[in-house]
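Participant:
There are 2 protein chains.
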Amino acid sequence: MSSFRRLIAGYRFTSETSSGSACEKIFILDGVPGVLWTPEGAAGTRPLILMGHGGGQHKKAPDVLGRARRLVAECGFAVAAVDVPGHGDRPTDEEYDRLATENQARVEAGEDPAPLIAGFPALVARQTVPEWQAALDALQELEYVGAGPVGYWGVSLGCGLGVPFVAAEPRVRAAVLGLGGASASADAAARITVPVEFLVQWDDERVPRAQSLMLFDALASAEKTLHANPGKHGEIPAFEGDSTLRFFTRHLG
Amino acid sequence: MSSFRRLIAGYRFTSETSSGSACEKIFILDGVPGVLWTPEGAAGTRPLILMGHGGGQHKKAPDVLGRARRLVAECGFAVAAVDVPGHGDRPTDEEYDRLATENQARVEAGEDPAPLIAGFPALVARQTVPEWQAALDALQELEYVGAGPVGYWGVSLGCGLGVPFVAAEPRVRAAVLGLGGASASADAAARITVPVEFLVQWDDERVPRAQSLMLFDALASAEKTLHANPGKHGEIPAFEGDSTLRFFTRHLG
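Chains as they are written, first to last, in the working numbering: chain A, 2 to 254; chain B, 2 to 254.
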């Protein structure tokens with residue numbers, strides 16, 4: 002397949018497995034490790050969802066993997082995720098490590114952690130926005146992905162990095178974001194106009210509630226819907242996974 | 002049918018029509034006009050949703066009717082609504098009219114309307130809670146309704162009256178509420194423990210946003226989910242109707 006051969010140059014598939022009805026391909030694109038899930042035997046253009054993982058996690062973290070498999074099996078979409086710098090199969094990033102150590106020291110000295118947590122994604126996004134755009138370029142050349150509508154899903158760090166990505170990338174037509182605050186990305190949020198489903202954990206111990214509501218408020222989207230549920234940062238209820246599928250089906254399907 | 006004959010005494014059906022797949026019965030129960038929708042040819046016990054209409058509206062207002070028909074046609078539920086005192090086919094209530102006139106004068110004199118709007122449901126609920134409980138008693142005696150799980154749906158005035166009703170009535174297992182503020186009913190909200198889907202209009206011109214968030218916060222339910230969307234008081238987006246159906250199906254179906 003010619004598109005496959007063209008990709009192989011800068012885009013090396015390292016393994017291919019089939020789990021359930023999703024076919025999983027690990028790839029490396031210009032040094033960035035990623036994973037692509039597609040329906041088994043997929044042919045032709047389909048919606049592609051890019052998923053951004055959380056801080057300290059990686060491209061195949063359980064919440065990414067679980068949602069990806071459902072989007073593939075139940076919606077027939079393609080789903081991809083890549084490791085964020087300093088995460089997963091990528092080498093340790095000295096600058097990010099230094100910042101993390103400094104932030105930890107400042108928290109231990111009694112500083113409010115919120116602005117420190119918030120500042121980190123803005124820095125990393127300068128690197129991840131072009132990396133993720135390059136991933137879309139490459140994946141959409143595959144015959145069984147194609148140039149269909151694109152969605153983005155990311156919460157926590159995946160929201161901090163996702164807001165500037167969605168703001169910058171016109172191929173993204175709908176996004177699920179959340180567990181993130183305005184101090185990180187209110188300016189970029191004001192440039193987002195596509196439909197957004199925004200998740201808030203009402204008892205989030207990491208993102209102040211007011212910060213979450215301000216980020217939702219800052220989105221310029223005419224259609225945006227906030228879903229808030231009781232519980233801590235990592236405790237998004239399972240029924241929101243169903244809602245994510247319906248949201249992407251409504252806007253991309 | 003014996004249960005039907007028993008009801009006829011205090012519970013007069015005045016008409017029966019069939020619209021689409023929903024059979025509609027207008028009834029009068031101890032002077033309170035109501036309407037019951039059931040699937041055509043329904044037999045046996047099924048979930049029953051009681052719907053509370055908005056201020057100035059009535060038991061067959063378009064948003065009540067539209068949701069009722071879908072709950073009947075798509076879920077097979079029974080749905081009922083009764084006129085609130087001073088509304089629909091009920092006589093004008095002099096006390097409520099006097100209050101409304103007084104409130105209008107105070108608003109025109111420059112007072113904040115929020116506490117005045119909020120105080121009204123608390124007063125009316127003393128009458129509607131027992132009326133709605135009597136409606137459940139009567140309707141659940143019908144063979145084609147039965148003593149199945151009960152849900153409640155009501156926004157705006159339907160929330161102000163619904164919060165004390167859901168708090169008082171153990172048959173209610175799940176509720177959709179919203180467009181209401183804490184000043185009306187925070188105490189009653191703190192006695193609600195069933196799952197709640199709570200609707201907020203982000204640009205509500207009648208209920209201050211902070212009041213809405215406080216009422217959601219006051220609910221004691223372990224499972225409660227807030228859905229906020231842009232737009233004014235009356236502009237709930239259509240996709241929330243789909244969510245209502247799924248919510249009741251999940252908890253009562």
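Idealized CB from N, CA, C, for every residue including glycine.
With C-beta atoms as the reference, is VAL36(B) less than 8 Å away from GLU25(B)?
Facilitator: For the purposes of this step, residue 36(B) is taken as the residue at position 35 of the second sequence. For the purposes of this step, residue 25(B) is taken as the residue at position 24 of the second sequence. Their beta carbons are under 8 Å apart, which means VAL36(B) touches GLU25(B) by this criterion.
Participant: Could you tell me which residues DSSP pairs with GLY52(B) in its beta bridges?
Facilitator: For the purposes of this step, residue 52(B) is taken as the residue at position 51 of the second sequence. Sequence inspection shows Met at residue 52(B); the Gly mentioned does not correspond to that position. Beta-bridge analysis with DSSP links MET52(B) to ALA82(B), TRP154(B).
Participant: Let me know the beta strand (DSSP E) ranges lying completely inside the stretch 58-137 of chain B, each 3 residues or longer, listed in chain order.
Facilitator: 79-83
Participant: In or out: PRO63(A) buried (at least 16 other Cβ within 10 Å) or exposed?
Facilitator: The residue labelled residue 63(A) in the question sits at position 62 within the first sequence. It counts as exposed.
Participant: Shortest alpha-carbon distance to GLY235(A) belongs to which of GLY42(A), SER22(A), GLY57(A)?
Facilitator: Here residue 235(A) is taken as the residue at index 234 of the first sequence, counted from 1. Ranked by Cα distance from GLY235(A), the options GLY42(A), SER22(A), GLY57(A) are led by GLY57(A).
Participant: Taking contact to mean at least 3 C-beta pairs separated by less than 8 Å, is the stretch 213-221 of chain A in contact with the stretch 182-196 of chain A?
Facilitator: Judged by Cβ distances under 8 Å, the stretch 213-221 of chain A makes contact with the stretch 182-196 of chain A, as three or more pairs qualify.
Participant: Can you give me the start and stop residues for the alpha helix (DSSP H) that THR245(A) sits inside?
Facilitator: Numbered from its first residue, the first sequence carries residue 245(A) at position 244. Unbroken alpha helix (DSSP H) run through THR245(A): 240-253.
Participant: Could you name the residues of the same chain whose beta carbon sits closer than 8 Å to that of CYS76(B), not counting the 5 residues immediately before and after it, in chain order?
Facilitator: As a working note, residue 76(B) is residue 75 in the second sequence. Around CYS76(B): PRO48, LEU246, PHE249, THR250, GLY254.
Participant: Helix, strand or coil: how does DSSP classify GLY159(B) here?
Facilitator: Here the question's residue 159(B) lines up with position 158 in the second sequence. Note: GLY159(B) maps to helix in three-state DSSP.
Participant: Give me the chain A residues within the contact set of LYS225(B), using Cβ-Cβ distance strictly less than 8 Å, ordered along the chain.
Facilitator: By 1-based counting over the second sequence, the position of residue 225(B) is 224. Simply ASN230, PRO231.
Participant: Measure the C-alpha to C-alpha separation of VAL195(A) and ALA189(A) and round it to an integer number of angstroms.
Facilitator: Taking the first sequence and counting its residues from 1, the one referred to as residue 195(A) is at position 194. Taking the first sequence and counting its residues from 1, the one referred to as residue 189(A) is at position 188. Computed Cα separation, rounded: 13 Å.
Participant: Helix, strand or coil for PRO231(B)? Go by DSSP, reduced to three states.
Facilitator: Taking the first residue of the second sequence as position 1, residue 231(B) is located at position 230. In the structure shown, PRO231(B) sits in coil (DSSP, three-state: anything other than H, G, I, E or B).
Participant: Could you say if the stretch 134-148 of chain A and the stretch 100-114 of chain A meet the contact criterion of at least three C-beta pairs nearer than 8 Å?
Facilitator: no
Participant: Taking all protein chains shown into account, decide if ARG68(B) is buried (16 or more other Cβ within 10 angstroms of its Cβ) or exposed.
Facilitator: Within the second sequence, residue 68(B) is the residue found at index 67, counting from 1. It is buried - the Cβ of ARG68(B) has at least 16 other Cβ atoms within 10 Å.
Participant: Quick one: what's got a C-beta closer than 8 Å to SER244(A)'s C-beta in the same chain, skipping five residues either side?
Facilitator: Indexing the first sequence from 1 puts residue 244(A) at position 243. Closer than 8 Å at the Cβ level, and outside the excluded window around SER244(A), lie GLU198, HIS228.
Participant: What does ARG251(B) reach in chain A if we use C-beta pairs closer than 8 Å?
Facilitator: For the purposes of this step, residue 251(B) is identified with residue 250 of the second sequence, where counting begins at 1. Correct list: PHE240.
Participant: I believe ALA135(B) touches LEU30(B) by the beta-carbon criterion, under 8 Å. Please report the beta-carbon distance rounded to the nearest angstrom.
Facilitator: For the purposes of this step, residue 135(B) is taken as residue 134 along the second sequence, with counting starting at 1. For the purposes of this step, residue 30(B) is taken as residue 29 along the second sequence, with counting starting at 1. Confirmed, about 6 Å.
Participant: State the Cα-Cα distance for the pair VAL208(A) and LEU158(A), rounded to the nearest angstrom.
Facilitator: For the purposes of this step, residue 208(A) is taken as the residue at position 207 of the first sequence. For the purposes of this step, residue 158(A) is taken as the residue at position 157 of the first sequence. Using only the alpha carbons, I get a separation of about 11 Å.
Participant: According to DSSP, simplified to helix, strand and coil, what is SER184(A)?
Facilitator: Residue mapping note: residue 184(A) aligns to position 183 of the first sequence, counting from 1. Collapsing the DSSP output to three states places SER184(A) in a helix.
Participant: So for ARG210(A), helix, strand or coil by DSSP?
Facilitator: As a working mapping, residue 210(A) is identified with position 209 in the first sequence. In the structure shown, ARG210(A) sits in a helix (DSSP, three-state: H, G or I).
Participant: With distances taken between CB atoms, is the gap from TRP154(B) to VAL125(B) smaller than 8 Å?
Facilitator: Counted from its first residue, the second sequence places residue 154(B) at position 153. Counted from its first residue, the second sequence places residue 125(B) at position 124. No, they are not a contact pair.
Participant: Using a Cβ-Cβ cut-off of 6 Å (strictly less than) and excluding sequence neighbours within five positions of GLY152(A), which residues of its own chain qualify?
Facilitator: Here residue 152(A) is taken as the residue at index 151 of the first sequence, counted from 1. Only ILE50, ALA175, PHE249, LEU253 meet the Cβ criterion.
Participant: On the three-state DSSP scale, how would you describe LEU37(A)?
Facilitator: By 1-based counting over the first sequence, the position of residue 37(A) is 36. Strand.
Participant: Please determine, among ASP90(A), GLN141(A), LEU140(A), ALA219(A), the residue with the shortest C-alpha to C-alpha distance to GLY179(A).
Facilitator: The sequence position of residue 179(A) within the first sequence is 178, counting from 1. For GLY179(A), the closest alpha carbon among the candidates ASP90(A), GLN141(A), LEU140(A), ALA219(A) is that of ALA219(A).
Participant: From VAL73(A), PHE28(A), GLY87(A), pick the residue whose C-alpha is nearest to that of PHE99(A); which is it?
Facilitator: Taking the first sequence and counting its residues from 1, the one referred to as residue 99(A) is at position 98. Here residue 99(A) is Arg; the residue named in the question, Phe, does not match the sequence. The candidate whose alpha carbon is nearest that of ARG99(A) is GLY87(A).
Participant: Using only the alpha-carbon positions, how far apart do LYS60(B) and MET52(B) sit?
Facilitator: Position 59 of the second sequence, counted from the start, is the residue given in the question as residue 60(B). Position 51 of the second sequence, counted from the start, is the residue given in the question as residue 52(B). Distance between the alpha carbons of LYS60(B) and MET52(B) is about 8 Å.
Participant: Rounded to the nearest angstrom, what separates GLY55(B) and THR129(A) at their Cα positions?
Facilitator: The residue given as residue 55(B) occupies position 54 in the second sequence. The residue given as residue 129(A) occupies position 128 in the first sequence. One C-alpha to the other measures close to 48 Å.
Participant: Apart from the five residues on each side of it in sequence, which residues of its chain come closer than 8 Å, Cβ to Cβ, to ILE193(A)?
Facilitator: On the first sequence, residue 193(A) is found 192 positions in, with the first residue counted as 1. Once the five neighbours on either side are set aside, the close Cβ partners of ILE193(A) are VAL164, VAL167, ALA168, ALA176, LEU220, ALA221, SER222.
Participant: How many whole angstroms separate the CB atoms of VAL156(B) and LEU200(B), which I take to be in contact at a CB cut-off of 8 Å?
Facilitator: Here residue 156(B) corresponds to residue number 155 of the second sequence, with the count starting at 1. Here residue 200(B) corresponds to residue number 199 of the second sequence, with the count starting at 1. The Cβ separation is near 6 Å, so the contact holds.
Participant: In angstroms with no decimal places, state the Cα-to-Cα distance between SER22(B) and GLY89(B).
Facilitator: Counted from its first residue, the second sequence places residue 22(B) at position 21. Counted from its first residue, the second sequence places residue 89(B) at position 88. One C-alpha to the other measures close to 25 Å.
Participant: Quick check on the burial criterion: 16 or more other C-beta atoms within 10 angstroms. Buried or exposed for PRO131(A)?
Facilitator: Counting from 1 along the first sequence, the entry for residue 131(A) is found at position 130. Of the other Cβ atoms in all chains shown, fewer than 16 fall within 10 Å of the Cβ of PRO131(A); this residue is therefore exposed.
Participant: Helix, strand or coil, according to DSSP, for VAL177(B) in the structure here?
Facilitator: Your numbering for residue 177(B) matches position 176 in the second sequence. Three-state result, VAL177(B): strand.
Participant: Where does ASP84(A) land, buried or exposed, given buried means 16+ other C-beta within 10 angstroms?
Facilitator: As a working note, residue 84(A) is residue 83 in the first sequence. By the 10 Å Cβ count, ASP84(A) comes out buried.
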